[in-house]
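What follows is a short report on a single structure.
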Amino acid sequence: MNEAKDLLAATSSRLAAFNTDSADEFLTSGETVIGHGYSGDMFVQFLDQDNYEDYVYFVPEEGGTKWIDNMAIPFDAPSPCTAHTFINWMLTAEQGAALTDWNYYDTPNQAALDLMGKIPMDITMICSTSYETQSSLLAALIL
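Mapping the sequence shown onto the working numbering, position 66 (from 1) lands on 76, and the numbers just tick up by one.
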């Protein structure tokens, strides 16, 4: 634990912040030129700028974190059938596309990709996992 603490302390002088709340604002204000943040937050902030086309969101070649919205049903849910019905509805192509159009998060739903609306900047890199990965993610969601 102390080793991790020391590493973070040594790194902190080269970073603007250690948080998930400010990377998008630091980028658009010009305070930083790179940041790590949720795609949805980043795109909302980017699209709010007159020069939104100057911003690029990517996962580095070396690797990085990608995420998707997820849902779960607690073991003691009062209405598990209703919860399953809702999740099944959210897994339709139309709702998957609507969700990605709204929050700019990746979707494992291959059928949703063709239905996504026109967004004024290229966000295809958030939906760039292979079909096999998307199928595996979707299978994990359905289980």
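The beta-carbon is built from N, C-alpha and C at its ideal position, and this holds for glycine as well.
Taken through DSSP and simplified to helix, strand or coil, Ile78 comes out as strand.
Distance from the Cα of Tyr62 is smallest, within the candidate group Pro84, Asp34, Leu101, for Asp34. Membership of Val54 in the alpha helix (DSSP H) is indicated by the continuous run 49-57.
The Cβ atoms of Thr42 and Gln59 lie no closer than 7 Å to each other. Your pair Thr117 and Thr110 checks out as a contact, with CB atoms roughly 5 Å apart and the cut at 8 Å. According to the DSSP secondary-structure assignment, Asp60 is paired through a beta bridge with no residue. The Cβ atoms of Phe53 and Tyr115 do not sit closer than 7 Å to each other. If you ignore the 5 residues before and after Ala26, its C-beta comes within less than 7 Å of the C-beta of Phe36, Glu41, Thr42, all in its own chain and listed in chain order. The beta-bridge partner set that DSSP reports for Asp116 consists of Ile78.
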